[in-house]
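Undergrad: One structure, as structure tokens, below. Some questions next.
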Amino acid sequence: MADLVSSLKDLRVLEGLAAKNSVIHRLHPFAKLSMALSIICFSASFGRYSFAQLSLYLFYPFIMMALAELPYSVLLPRLAAALPFCLFAGIANVAMERTPAFYIGSIAITFGTVSLMTIMLKMYICVMAALIMVATTPISDLSAQLRRLHVPGSFVLVFEITYRYIGLLLEQALSMATAYRLRSGDRKALLMRDMPSFLGQMLLSGFDRAERVYAAMQCRGYAIDHIRQSKKKLKTADIAAIGLTLALAACGRFFIFW
Amino acid sequence: MHMSDALLSPAVAIAFDAVSAASIGISVAKVKGDVFSEKKIPIMGVAGALVFAGQMINFTIPGTGSSGHIGGGIMLAGLLGGVPAFLSIAAVLIIQCLFFADGGLLALGCNIFNIGVIPCLVVYPLIFKPVLAKGITSKRIGFASIAACVAGLELGALGVIAQTQLSGIAALPFGTFSALMLPIHLAIGIIEGIVTAGVLGFIHQMRPEITQAALNETGIKAKDLNRPIAVLAAMALLTGGVLSLYASANPDGLEWSIDKTTQNSLGEASELEAEGLLHEKAADVQSQTSFLPDYSFAKDPQNSAATSISGIVGAAITFAFASGAGLIVAKIKRLNQGKPAENG
Amino acid sequence: MLTIKNLRVEYPNGKKAVNGVSFELSPGENIALIGANGAGKTSLLLALVGILVSEGEISVGGTVLEKKTLREIRSRLGLVFQSPDDQLFMPTIYDDVSFGPRSYGYSEEETAARTNRILTDLGIMHLSGSSPLKLSGGEKRLCAIAAVLATEPEFLLFDEPTAFLDPRARRQLASTILSLPQGKIIATHDLDFAQKVCSRAIVLYEGKILANGDIGLLSDEQSLIGMGL
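Chains as they are written, first to last, in our numbering: chain V, 3 to 260; chain A, 22 to 365; chain X, 308 to 536.
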């Protein structure tokens, strides 16, 4: 049940990071969202051999990490989630495209290899851009921003409740799994035939809990769409940050460096 | 299988983002029209969290020694109905993308489509519900669950393949890709179907009113779609139009002619390094100015890429500069933070 | 004044959870609601805020609970749930405490002012930005109380407030509860706690009031055993 433990830890660590205070943390959530999205969109727009041009975008994660004072030890391991599929596609490219692109000494570097490197670099930039945003923005700011962007209020509420109860249900799953392990001769994973009642019990108690959550919300005057948007204005620093990011994105896209 | 930003082109990603956003919009409107809507929102949230926690529980697959975990789309649809289940799954996918880097921000639309829209809004009403319409028995639950999970996962896998192919980042041909993906997902689908059937059977035994209520949910009808589809079609036309204008500014023909020009101007000395560099530069201009990445694989790839030692060296230099800049910023920050501490 | 007249609540299976309960709670008075598991304590509290459908009459300061006064009654009676985890559903404490005022349509400024005031009053301002996941049982309990106080209710209802608390958190809770001026109904198994914070005790047994009197009746062990406790 290592997954349960590590996801719980991950959530808490990210929350801790988002609660810090740095130049980047203080930016408007809209600024952080649009910065991340513009870097991701521009990176994605590069072709499969654009390793060299793409490298310019490395400035974004490096500088942002430093400005936001984020630890690499927390963010880097998360690349692992995105890695398998990208690696699979990249290695398939290596196998498919064996035409040499150029030689380093007598070693031929194939187009497939270049495209593998491009995919990996893209993955790094995209994942880091998204993680930097989340690691510097508390969830409440994020959901307030979603509301301001006219995402339906009830869906944002579903998102918030899901986020809130993930932690709790992970804890419940963990203690149920530990109890199971203790009674099953130290099994690391459940037997498949035990899954239905294990999950079923979790679901049933979860549904009961949902009823109580709803009752508690009702007691405090909850009615659909009653949650209003909070206003927050963009400051000069926010606009400057978005501008700089767009300038970097445009540089990579429209000028040739190498 | 979560789609990644690195394997998508912006056009494909944005198109699916639009479809998924519209699906969420329609579903929210649908749930709101429901009498019990207010009550369903906390249930959807908690159910989403349950799916997330459930996915972290590994179980051993008999006879294989390997372990699996659930996906949960059909299971949730069987408990809440398709539309609320879809909203739960969408919320979970957003959280996985943001907090666990599982599937990218740009790829969110693709993932919500493959893992949410397909099982909850397509497979569930078309396969799962009709099977159970005549009454809930454990046999029907078993059949419906396995069929729906297999169909959902296979269609989802097809979605991943199609999105990757359309984006043109991965070179794997459609056939090979499908041959790799579909059988695995068939196996996963059967396993997931069995577990789903078990869970739904368990819940039906303990609290039949839950499974029954889910079946009574109305789901999205054709009339709910009229306006959203019109809006969506307009959006698709607009994005498609704008993007293809971009693309047509750099047609393949242009590439070919650049190729021609450079060759003509430099004569036959195509082996010369100087020519190689220039050639790449020209191709570079082409690839720089096109917003869409190059789609075609059949063409001589040399023409569409800036790949050379100079590229690698350049990238290495950029890397050095970028990391250096990061280090300098960090150093300056540390010095600034040090000051007040010294004073105090 | 909170008045309850001949209150009856049925479980979906037809069994009576609360069966003809009547009593009054004056402003500033603290009543301990005692009873074994299943005696009807939680059902009684849920009926008071209209979550469970009931027969009989419930009125707060002359306003009778009915469909159109539901929102008003709920803003005047604050129910603190047994498990803070059922109640704190927002990602951060600040969001959760401001949920009530926001739902009742207070302006953003008023909501922020109330939230900050209550967090300060209860001494949990430092938890404002934290997620409920990271808090201790005692901290979560205080946050759940803050979330209820944010709508400025006239009466407070507590369901097992001392559940899962260590002795220190329990003492802190007692002093918090005593410092709040509202009249309170405190459903609890914790007799020591009840004696510390309440002046009157009502003992429920199978949905009916078995005893209603001075808190001193809880110190007579023989009579407690007689009442099924």
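Backbone N, C-alpha and C define an ideal beta-carbon position, used for all residues, glycine too.
1. Enumerate in chain order the residues of its own chain whose CB-to-CB distance from Arg255/V is below 6 Å, with the five nearest sequence positions on each side excluded.
2. Could you tell me which residues DSSP puts in a beta bridge with Asp527/X?
3. Given Ala325/V, which residues of its chain have a CB within under 6 Å of its CB, disregarding the five upstream and five downstream residues?
4. Measuring straight from C-alpha to C-alpha, what distance separates Ala191/A and Ala181/V?
5. Would you grab the beta carbon distance between Gly114/V and Ile224/A for me? Rounded to a whole angstrom, and I think it's under 8 Å.
6. Under 8 Å: do the region 64-84 of chain A and the region 189-197 of chain V share three or more Cβ pairs, one atom per stretch?
7. Please go through the same chain and pick out, in chain order, the residues whose beta-carbon is closer than 8 Å to the beta-carbon of Pro460/X, but skip the five residues on each side of it.
8. Under DSSP, the alpha helix (DSSP H) around Ile365/X begins and ends at which residues?
9. Does any CB atom of chain V fall closer than 9 Å to the CB of Glu276/A?
10. Apart from the five residues on each side of it in sequence, which residues of its chain come closer than 8 Å, Cβ to Cβ, to Ser437/X?
11. What's the gap between the Cα of Phe462/X and the Cα of Ala235/A?
12. Have a look at the DSSP bridge pairing and note the partners of Tyr512/X.
13. Under three-state DSSP, which class holds Phe284/X?
14. Report yes if the CB atom of Ile95/A is closer than 9 Å to the CB atom of Val160/V, and no otherwise.
15. Rounded to whole angstroms, what's the CA-CA distance from Ala70/V to Arg28/V? Just pull it up for me.
16. When DSSP labels each residue in this structure, what does Ser443/X get in the three-state scheme?
17. Given this structure, state the Cα-to-Cα distance separating Ala200/A from Ala112/A, to the nearest angstrom.
18. I think Ala453/X touches Val404/X, with their Cβ atoms under 8 Å apart; what is that distance to the nearest whole Å?
19. Between the region 198-210 of chain V and chain A, which residues of the former have CB atoms less than 9 Å from a CB of the latter, in chain order?
20. For Gln147/V, would you say it is in contact with chain X, using Cβ-to-Cβ distances shorter than 9 Å as the test?
21. Please report the Cβ distance between Gln184/A and Leu29/A, rounded to the nearest whole angstrom; I am assuming they are in contact, meaning their Cβ atoms lie under 8 Å.
22. Figure out for me which residue from Ile42/V, Ala103/V, Met135/V and Ser36/V has the closest Cα to the Cα of Ile330/A.
23. 9 Å is my cut-off, CB to CB: does Leu170/V come that close to chain X?
24. Strictly under 9 Å for the Cβ-Cβ distance: is Ala169/A near chain V by that measure?
25. With 9 Å as the threshold, decide whether the Cβ of Lys34/V is near any Cβ in chain X.
26. Does DSSP put Ile95/A in a helix, a strand or coil?
27. With burial defined as no fewer than 16 other Cβ atoms inside 10 Å of the residue's Cβ, what is the status of Ile244/V: buried or exposed?
28. Among all the DSSP beta bridges, which residues are the ones paired with Arg378/X?
29. Any idea what DSSP makes of Pro151/A, helix, strand or coil?
30. Which same chain residues end up closer than 7 Å to Lys441/X when comparing Cβ atoms and leaving out the 5 residues on each side of it in sequence?
31. Under 9 Å, Cβ to Cβ, is there at least one residue of chain A near Val76/V?
32. Just the chain V side, please: which residues come within less than 9 Å of Ala106/A by C-beta, in chain order?
33. Expressed to the nearest angstrom, what Euclidean distance is found between the alpha-carbon atoms of Gln529/X and Phe465/X?
34. Under the DSSP definition of a beta bridge, which residues are partnered with Gly520/X?
35. Within the continuous beta strand (DSSP E) that includes Gly208/V, where are the two ends?
36. Using the three-state DSSP reduction, which class does Ala324/X fall into: helix, strand or coil?
TA: To lay it out plainly:
1. Phe44
2. Answer by DSSP bridge pairing: none, since Asp527/X is not bridged.
3. A question about residue 325/V goes unanswered here, because the residues of chain V that appear run from 3 up to 260.
4. 45 Å
5. Contact flag wrong, Cβ pair sits at about 49 Å.
6. yes
7. Ser382, Arg383, Leu384, Gly385 and Gln489
8. Where Ile365/X is concerned, there is no enclosing alpha helix (DSSP H), although the beta strand (DSSP E) it sits in stretches over Ser361 to Val367.
9. Low confidence applies here, because Glu276/A scores a pLDDT of 37, under 50, leaving its location unreliable and the question unanswered by this model.
10. Thr399 and Ile400
11. 38 Å
12. Lys515/X
13. Outside the modelled stretch of chain X, which goes from 308 to 536, sits residue 284/X, for which no answer is possible.
14. no
15. 10 Å
16. coil
17. 31 Å
18. 5 Å
19. Pro198, Ser199, Phe200, Leu201, Gly202, Gln203, Met204, Leu205, Leu206, Gly208 and Phe209
20. no
21. 6 Å
22. Ala103/V
23. yes
24. no
25. no
26. helix
27. buried
28. According to DSSP, which records beta bridges pairwise, Arg378/X is partnered with nothing at all.
29. helix
30. none
31. no
32. Neighbours of Ala106/A on chain V: none; closest Cβ ~11 Å, over 9 Å.
33. 27 Å
34. Ala508/X
35. Where Gly208/V is concerned, there is no enclosing beta strand (DSSP E), although the alpha helix (DSSP H) it sits in stretches over Met197 to Cys221.
36. strand
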